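According to the working numbering, the sequence shown is numbered sequentially starting from -14. Ideal Cβ placement from N, Cα and C applies to all residues, glycine included. Quick caveat: nothing in here was measured; it's all calculated off a predicted structure. Following: one structure in structure tokens, then a few remarks.
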Amino acid sequence: MKIIDLSHTLDENIITYDDLEKIYIKKLSSINYDGYEVKRLSLTTHSSTHVDAPNHMIENCYSIDKIPLDKFMGKAIVLDCTKYVNTPIPLSVLDNINISNYDFIFFYTGASNRWNKKSFLTNYLAPSKDLIDVLALSNIKGIGIDGISIDPSTSESFYKHKILFTNNKLIYECLNNLDFFINKDFYFYGVPLKITNGDGSPIRAFGKII
């Protein structure tokens, strides 16, 4: 059984929008001096590969610790969206699949190839409004993308996030190695930390061929 890691590595050198989002990993004790090693992590709930919970943008909506574990795993497919250049991913990307057969729909845009470069934060492909509207009303558990967001970097309304959250869908962002599963049915696991009232969480996502 082949298992593919779908997460980026948490590292202090990851480029972030500003210093408030920067990741810090501080050594508190060492084996040489203390007989054991412990580190302190300082990061946001949306650092590196992560999942967004509905309360990220919808007040009084489900937080990450209130969502059942089975919602974070299920049958999935990755759609190759690399041919769409400077245009939102269209609804037609779903033409050749039956979304009712899946728990998760993921979009591979090639953004993961620019991971930890400044262009990753602003120059990325996002799903179209029409596409998100259809997925929001479907029975899937959530969607995911290898880019940093499903809304454009210039968005002020965050419509796509909010319509998915309103319909209790999960959003996975900054996924890695999605290209391995293009047009393949696989089982996805993307389980978060159980953070009280968490609006999201870094994850160790992985997939295996069904």
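Leaving out five residues before and five after S14 in sequence, what residues of the same chain have Cβ atoms less than 8 angstroms from its Cβ?
Here the question's residue 14 lines up with position 29 in the sequence shown. If we look at S14 and ignore the five residues flanking it on each side, its Cβ neighbours are Y21, E22, V23.
Go ahead and pull the three-state DSSP assignment for D184.
Here residue 184 corresponds to residue number 199 of the sequence shown, with the count starting at 1. Correct three-state label for D184: coil.
Please state whether the Cβ-Cβ distance between T30 and G183 is less than 7 angstroms.
Walking along the sequence shown from the start, residue 30 turns up at place 45. Walking along the sequence shown from the start, residue 183 turns up at place 198. Yes; because the gap between Cβ atoms is below 7 angstroms, this pair is in contact.
For D131 versus Y93, is the C-beta spacing smaller than 7 angstroms?
Here residue 131 is taken as the residue at index 146 of the sequence shown, counted from 1. Here residue 93 is taken as the residue at index 108 of the sequence shown, counted from 1. It is a contact, given that the beta carbons lie within the stated cut-off.
Candidates D50, S85, G129: which alpha carbon is nearest F191's?
As a first step, residue 191 must be located in the sequence shown, where it is residue number 206. Nearest C-alpha to F191: G129.
Excluding five sequence neighbours on each side, which residues of the same chain lie with their C-beta closer than 7 angstroms to the C-beta of K7?
Taking the first residue of the sequence shown as 1, we reach residue 7 at position 22. Cβ neighbours of K7 beyond the five flanking positions: T1.
Once you ignore the five residues that flank I195 on each side, which residues in its own chain have a CB closer than 8 angstroms to its CB?
As a working note, residue 195 is residue 210 in the sequence shown. Answer for I195: K60, D170, F171, Y172, listed in chain order.
Just to confirm, is the Cβ distance from V176 to F89 under 7 angstroms?
Here residue 176 is taken as the residue at index 191 of the sequence shown, counted from 1. Here residue 89 is taken as the residue at index 104 of the sequence shown, counted from 1. Cβ distance not < 7 angstroms, so V176 and F89 don't count as in contact.
In three-state terms, what does DSSP make of D80?
As a first step, residue 80 must be located in the sequence shown, where it is residue number 95. Looking at D80 - three-state DSSP - the assignment turns out to be coil, as it is neither helix nor strand.
When we look at the beta-carbon of L163 and count the other beta-carbons within 10 Å, is it buried (16 or more) or exposed?
What you label residue 163 is simply residue 178 of the sequence shown in a count that begins at 1. It is buried - the Cβ of L163 has at least 16 other Cβ atoms within 10 Å.
Is I(-12) near K154, with beta carbons less than 7 angstroms apart?
If you number the sequence shown from 1, residue -12 lands on position 3. If you number the sequence shown from 1, residue 154 lands on position 169. No. Outside cutoff.
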